[in-house]
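Numbering (our numbering), first residue to last: 24 to 228. Don't be surprised by glycine CBs; every beta carbon is placed ideally from N, CA and C. It should be emphasised that the depicted structure is a prediction, and the values quoted were computed from it without experimental measurement.
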Amino acid sequence: MKVLVADDHELLRDTLELYFQQSDGVDADFVGDYPSALEKMQGETEYDLVLLDYSMRGMNGLEGLKAALGVAGSNRVALMSGIAPRDVAAEALNLGAAGFLPKTLSAKSLLSAVRFMAEGERYAPIDFLMGEDQASLANPLAEKLLSREVQVLRRLRAGMSNKEIARELGVTEPTVKLYLKSLFRKINVNNRTQAALFAQENGLF
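Here it is in structure tokens:
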């Protein structure tokens, strides 16, 4: 998996570089500003995912995202930020971004999100996209899950097979298995039956 990360915070770049180096199957390039990212995207390297910092030098917020999407070719482009509000994240997704990553994500969660997006999925934490008034009404356990993981869990509880879930969500079976693996880890269960019982006992649906 080939990834390009563009962020003007050196500490973040160094941290991600170290973490990616320790992760199997991730080959990442790093640049510190928007013009350098565009130059890389227009070069010979084909990236599975490009991560752009919302507020880095030269980015100009969503305008930079629009321009990047215009030259992306086969490169998938996602936005990351430590300051952007929910409406910016939602607009980024509407524009065609592969996802939105708050910088508050743990390194493990970020890597998981990167893998999902590189596989062709879209990512945004469900608790980030929900308004505070909505989030207060939601089950707090659901806030740990990606929106896709919630969708998979709902269908799993309904008794659907991986093949049926994949068909209904428009993804591949291996992608469903990735979601299940992440889901099981987050709610601390070992199999589908335990996951369904967990959802029922904790009032998730």
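Residue i and residue j closer than 7 Å at C-beta
| i | j | result |
| --- | --- | --- |
| Val49 | Met24 | yes |
| Met140 | Ala101 | yes |
| Val73 | Ala51 | no |
| Leu248 | Ser46 | Residue 248 falls outside the range modelled here, since the chain spans only 24 to 228, and no answer is possible. |
| Tyr57 | Gly87 | yes |
| Val175 | Tyr202 | yes |
Nearest to residue i (by Cα), restricted to the options the options
| i | options | result |
| --- | --- | --- |
| Arg99 | Ile210, Pro58, Val137 | Val137 |
| Ile106 | Tyr70, Lys126, Glu33 | Lys126 |
| Ala91 | Glu62, Val111, Asp71, Ala112 | Glu62 |
| Ala181 | Ala113, Phe207, Ala218, Ala121 | Ala218 |
| Ser78 | Tyr70, Thr68, Asp71, Pro108 | Pro108 |
Rounded C-alpha distance that separates residue i from residue j
| i | j | result |
| --- | --- | --- |
| Arg36 | Gly93 | 25 Å |
| Leu179 | Gly81 | 44 Å |
| Ser104 | Ala222 | 31 Å |
| His32 | Tyr42 | 16 Å |
| Ser59 | Val212 | 44 Å |
| Thr195 | Ala29 | 29 Å |
| Gly84 | Arg171 | 26 Å |
| Leu169 | Ser132 | 10 Å |
| Phe207 | Leu34 | 32 Å |
Cβ shell of residue i (< 7 Å), same chain only, five flanking positions each side left out
| i | result |
| --- | --- |
| Leu116 | Phe123, Arg145, Ala147 |
| Asp76 | Ala29, Asp30, Asp31, Met82, Met103, Ser104 |
| Glu40 | Ala51, Phe53 |
| Lys89 | Leu118 |
Close-in-space but distant-in-sequence residues of the same chain around residue i (CB under 8 Å, 5 per side omitted)
| i | result |
| --- | --- |
| Ala189 | Thr195, Glu196, Thr198, Val199 |
| Lys186 | Glu196 |
| Glu191 | Arg178, Met183 |
Close-in-space but distant-in-sequence residues of the same chain around residue i (CB under 6 Å, 5 per side omitted)
| i | result |
| --- | --- |
| Lys204 | none |
Distance cut-off 6 Å: residue i Cβ against heavy atoms of the ligand PLP
| i | result |
| --- | --- |
| Val49 | Among the components modelled here there is no ligand, and therefore nothing to report on the ligand PLP. |
Query raised in the report: Which residue spans inside the stretch 98-129 form an unbroken alpha helix (DSSP H) run of at least 4?
Result: 109-118
Report task. Please specify which runs of the alpha helix (DSSP H), each continuous and at least 4 residues long, are wholly inside the stretch 33-100, giving them in chain order. Result -> 33-44, 57-64, 85-94
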